[in-house]
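Letter by letter, the sequence shown follows residues 192 to 724 in this note's numbering.
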Amino acid sequence: MAFQWVINTAAPSLSAWFPSSWYTAVGLVPAVAVLWYILSSVVAWYRLRHFPGPFFASFSYLWFARLTWRGNVHRDIVVEQEKYGPVMRSGPNQLLVHDPDTLWHINSMRSGYGRSVWYTAFRFDQSDHNVFTTTDTKLHDRRKAQLHSAYIGKGAIDLEKDVDSQLAVLVNHIRTKYLVRPIPGKASYAPLLDLSPLIRNLAIDFITLAGLGKAWGNVPTETDHYVFLQMIDENVKLIHTFGVLPWVRKIISSDLFLKYAAPKPTDPKGIGRYLGVVKEEAGKRFKDGIPRAELGDAEFLHDGRGNMLDEWIKNGLPQRDAELELLIMLSAGSETTAVTIRGTLLCLMSSPPAYQRLKKEIVEGIKEGRISKPITNDEAKKIPYLQAIINEGMRMFPPLTVGFGKQVPPQGDTIHGKFVPGGAEIHVNLPSLMRNKQVFGDDIEVFRPERFLEGTKEEITRRFKTVELNFGHGRWQCLGKTLATIELNKVYVELFRAFDFQIVKLENPTHTTGYTSVLFDELIVRVVEASID
Numbered sequence: 192m193a194f195q196w197v198i199n200t201a202a203p204s205l206s207a208w209f210p211s212s213w214y215t216a217v218g219l220v221p222a223v224a225v226l227w228y229i230l231s232s233v234v235a236w237y238r239l240r241h242f243p244g245p246f247f248a249s250f251s252y253l254w255f256a257r258l259t260w261r262g263n264v265h266r267d268i269v270v271e272q273e274k275y276g277p278v279m280r281s282g283p284n285q286l287l288v289h290d291p292d293t294l295w296h297i298n299s300m301r302s303g304y305g306r307s308v309w310y311t312a313f314r315f316d317q318s319d320h321n322v323f324t325t326t327d328t329k330l331h332d333r334r335k336a337q338l339h340s341a342y343i344g345k346g347a348i349d350l351e352k353d354v355d356s357q358l359a360v361l362v363n364h365i366r367t368k369y370l371v372r373p374i375p376g377k378a379s380y381a382p383l384l385d386l387s388p389l390i391r392n393l394a395i396d397f398i399t400l401a402g403l404g405k406a407w408g409n410v411p412t413e414t415d416h417y418v419f420l421q422m423i424d425e426n427v428k429l430i431h432t433f434g435v436l437p438w439v440r441k442i443i444s445s446d447l448f449l450k451y452a453a454p455k456p457t458d459p460k461g462i463g464r465y466l467g468v469v470k471e472e473a474g475k476r477f478k479d480g481i482p483r484a485e486l487g488d489a490e491f492l493h494d495g496r497g498n499m500l501d502e503w504i505k506n507g508l509p510q511r512d513a514e515l516e517l518l519i520m521l522s523a524g525s526e527t528t529a530v531t532i533r534g535t536l537l538c539l540m541s542s543p544p545a546y547q548r549l550k551k552e553i554v555e556g557i558k559e560g561r562i563s564k565p566i567t568n569d570e571a572k573k574i575p576y577l578q579a580i581i582n583e584g585m586r587m588f589p590p591l592t593v594g595f596g597k598q599v600p601p602q603g604d605t606i607h608g609k610f611v612p613g614g615a616e617i618h619v620n621l622p623s624l625m626r627n628k629q630v631f632g633d634d635i636e637v638f639r640p641e642r643f644l645e646g647t648k649e650e651i652t653r654r655f656k657t658v659e660l661n662f663g664h665g666r667w668q669c670l671g672k673t674l675a676t677i678e679l680n681k682v683y684v685e686l687f688r689a690f691d692f693q694i695v696k697l698e699n700p701t702h703t704t705g706y707t708s709v710l711f712d713e714l715i716v717r718v719v720e721a722s723i724d
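This is the structure we're talking about:
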């Protein structure tokens with residue numbers, strides 16, 4: 192054979208050591224690999240051949256990885272889904288959907304769907320999984336039951352007071368540093384405010400106070416403590432892109448990789464430092480593996496206000512599992528709400544009718560005694576236009592984009608009249624879902640909260656329920672929904688009762704980069720006193 196002739200010519204001395212059959216076998220390896228790839232690609236294409244999508248996506252996940260890597264997936268995927276219809280093929284074994292009925296179905300308790308291996312890309316510890324990364328449904332349900340009471344504010348936890356306290360810090364900080372104050376005989380001046388990092392810092396202080404019992408204090412110092420946000424910015428592109436490539440995902444989530452190549456809690460920066468912070472926070476609550484509260488340590492008895500971590504431990508969560516759960520609580524609990532809050536503020540400042548109507552609702556609510564100081568969660572729920580703004584803001588700027596795949600049960604399923612074989616993955620396309628014309632009408636690119644107040648009762652309910660899918664549904668619903676809802680119910684009222692905001696960079700107020708979540712660049716505003724109270 193030609194291969195054997197090249198080897199024997201280039202290195203004849205090797206013939207004395209290896210038989211000619213060895214060369215033949217080695218020479219066949221590339222051919223076998225190519226043949227295996229072709230056959231497996233054909234098989235993969237055949238299984239989902241009846242679903243439309245980009246040609247390259249039928250054979251490789253590189254199409255979707257490239258889309259993610261570009262950082263514009265929150266826009267590009269809307270264009271692609273509109274091109275191919277309600278069920279689009281986005282990978283050899285992967286479908287993308289954007290209609291609420293399909294999502295309600297696959298996420299229901301009795302659907303038989305489980306999590307796909309997509310979730311394992313967010314595993315950073317070899318010892319075990321947390322409630323987000325596990326694909327074991329029984330383990331997920333068991334762990335979720337341990338965490339649930341803390342996430343909804345049971346026991347000594349008061350999520351509403353936690354949110355109120357941090358909003359008060361935010362308002363005071365803006366008033367002290369950024370408020371334009373009139374000076375007789377002189378031009379009014381104050382530093383311009385970049386809302387983008389400030390809202391991000393607010394979300395961090397929300398979740399650290401509720402989760403750990405003490406806010407990191409990012410807002411009053413305008414400091415990225417533990418360089419947590421920097422860590423996210425530096426790694427989000429790689430993690431989210433690699434997460435859509437099965438062979439890469441399998442490597443980076445393997446025990447071997449996590450043991451020898453993954454970040455370590457002792458690292459001075461990056462993900463490793465984050466792991467170290469989490470390990471330290473959980474470690475404070477234990478002594479030799481025993482909860483300090485059980486040992487009578489007064490600092491951890493929490494006769495007063497509690498926090499999520501202590502509630503988990505009270506419910507029997509051991510130290511190692513507490514560390515694993517903190518990993519996802521801090522990252523997911525901060526970035527998601529920050530996206531929607533910044534996006535909604537941008538929409539309000541760009542829409543005079545909505546801005547003015549919200550201000551009017553706040554003024555009238557205060558005068559009539561329907562809005563306390565601060566507004567309560569129950570009061571916020573009873574203000575229809577505020578709820579319309581919250582949901583329209585989440586529709587325009589969903590906290591997440593694509594992914595969160597569910598695996599079709601072994602017997603298969605029928606989606607939009609077409610059979611989906613068992614083992615296939617169905618992923619959600621949230622940007623397209625939030626722009627579904629059949630649900631929200633034709634003017635989907637317009638920020639118009641009134642859409643949640645118009646139409647029949649059934650149409651309005653369907654719109655609200657569709658937006659709620661941003662938090663998932665059924666057994667897979669986001670544990671942090673309660674805290675996020677409280678934050679959204681309060682933040683706009685407390686900011687706009689105190690201040691008026693003016694966009695400074697009119698031609699280009701901000702820029703967003705989209706992976707699985709969305710990152711904002713600066714959002715520069717001028718702040719003046721509202722004088723409502």
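We treat Cβ as the ideally placed atom computed from N, Cα and C, and that holds for glycine.
Inter-residue Cα distance where the pair is residue i and residue j
| i | j | result |
| --- | --- | --- |
| residue 683 | residue 394 | 14 Å |
| residue 528 | residue 252 | 29 Å |
| residue 287 | residue 506 | 37 Å |
| residue 332 | residue 326 | 11 Å |
| residue 538 | residue 693 | 12 Å |
| residue 550 | residue 687 | 7 Å |
| residue 406 | residue 633 | 43 Å |
| residue 192 | residue 230 | Because residue 192 sits at a pLDDT of 47, beneath the cut-off of 50, its placement in the model cannot be relied upon, and the following sentence gives the value as read from the coordinates. Distance between the alpha carbons of residue 192 and residue 230 is about 25 Å. |
| residue 388 | residue 367 | 17 Å |
| residue 510 | residue 293 | 38 Å |
| residue 196 | residue 222 | Confidence is the limiting factor: at residue 196 the pLDDT is only 47, short of 50, which leaves the residue's position unreliable, though a coordinate-based value still follows. When rounded, the distance between both Cα atoms is 17 Å. |
| residue 720 | residue 563 | 19 Å |
| residue 652 | residue 631 | 11 Å |
| residue 441 | residue 698 | 44 Å |
| residue 451 | residue 689 | 52 Å |
| residue 572 | residue 297 | 29 Å |
| residue 138 | residue 679 | Outside the shown range of the chain, which is 192 to 724, sits residue 138, and nothing can be said about it. |
| residue 304 | residue 530 | 29 Å |
| residue 656 | residue 639 | 17 Å |
| residue 624 | residue 264 | 14 Å |
| residue 504 | residue 705 | 36 Å |
| residue 319 | residue 246 | 37 Å |
| residue 525 | residue 674 | 11 Å |
| residue 554 | residue 374 | 27 Å |
| residue 457 | residue 410 | 27 Å |
| residue 449 | residue 392 | 30 Å |
Local conformation of residue i per DSSP, three classes
| i | result |
| --- | --- |
| residue 562 | coil |
| residue 580 | helix |
| residue 704 | strand |
| residue 369 | coil |
| residue 520 | helix |
| residue 412 | helix |
| residue 697 | coil |
| residue 714 | coil |
| residue 605 | strand |
| residue 668 | coil |
| residue 627 | coil |
| residue 396 | helix |
| residue 194 | Residue placement at residue 194 is flagged as unreliable, the pLDDT there being 42, under the threshold of 50; a coordinate-derived value is accordingly withheld. |
| residue 640 | helix |
| residue 719 | strand |
| residue 485 | coil |
Distance between beta carbons of residue j and residue i, contact taken as under 8 Å
| i | j | result |
| --- | --- | --- |
| residue 700 | residue 714 | 6 Å |
| residue 369 | residue 384 | 4 Å |
| residue 429 | residue 500 | Going by Cβ atoms, the distance from residue 429 to residue 500 rounds to 29 Å, so no, they are not a contact pair. |
| residue 140 | residue 717 | With the chain represented from 192 up to 724, any question about residue 140 goes unanswered, as that position is not in the structure. |
| residue 238 | residue 612 | 5 Å |
| residue 677 | residue 568 | 5 Å |
| residue 498 | residue 606 | Actually they do not touch by this definition, with Cβ atoms about 42 Å apart. |
| residue 566 | residue 685 | 7 Å |
Any non-hydrogen atom of the ligand NAP closer than 7 Å to residue i Cβ
| i | result |
| --- | --- |
| residue 593 | The ligand NAP is not part of this structure, which contains no ligands at all. |
Q) Using 8 Å as the threshold, is the stretch 382-397 in touch with the stretch 355-367, meaning 3 or more CB pairs across them? A) Pairwise C-beta distances place the stretch 382-397 in contact with the stretch 355-367, as three or more of them are shorter than 8 Å.
Q: List in chain order: all unbroken alpha helix (DSSP H) runs of 4+ residues lying wholly within the stretch 424-463.
A: 437-443, 446-451
Q: Please list the segments of the beta strand (DSSP E) lying wholly inside the stretch 309-391, counting only runs of 3 or more residues, in order along the chain.
A: 370-374, 377-380
Q: Report yes or no: do the stretch 646-665 and the stretch 583-591 share at least 3 C-beta pairs separated by less than 8 Å?
A: yes
(Q) For the pair the stretch 276-293 and the stretch 607-626, tell me if three or more CB-CB distances fall below 8 Å. (A) Yes: the two stretches touch, three or more of their Cβ pairs being nearer than 8 Å.
Q.
Quick test of the definition: if touching needs 3 or more C-beta pairs under 8 Å, does the stretch 426-446 touch the stretch 248-268?
A. Touching, yes.
Q: Could you tell me whether the stretch 315-329 touches the stretch 515-527, using the rule of 3 or more Cβ pairs below 8 Å?
A: Cβ pair count under 8 Å is three or more, so yes.
Q. Three or more beta-carbon pairs under 8 Å between the stretch 629-649 and the stretch 568-582, yes or no?
A. Enough Cβ pairs lie closer than 8 Å, so yes.
Q: For the stretch 272-279 and the stretch 302-315, state whether three or more C-beta atom pairs, one from each stretch, are separated by less than 8 Å.
A: no
Q.
So within the stretch 240-291, which uninterrupted alpha helix (DSSP H) runs reach at least 4 residues, ignoring any that extend past its ends?
A. 253-260, 264-275
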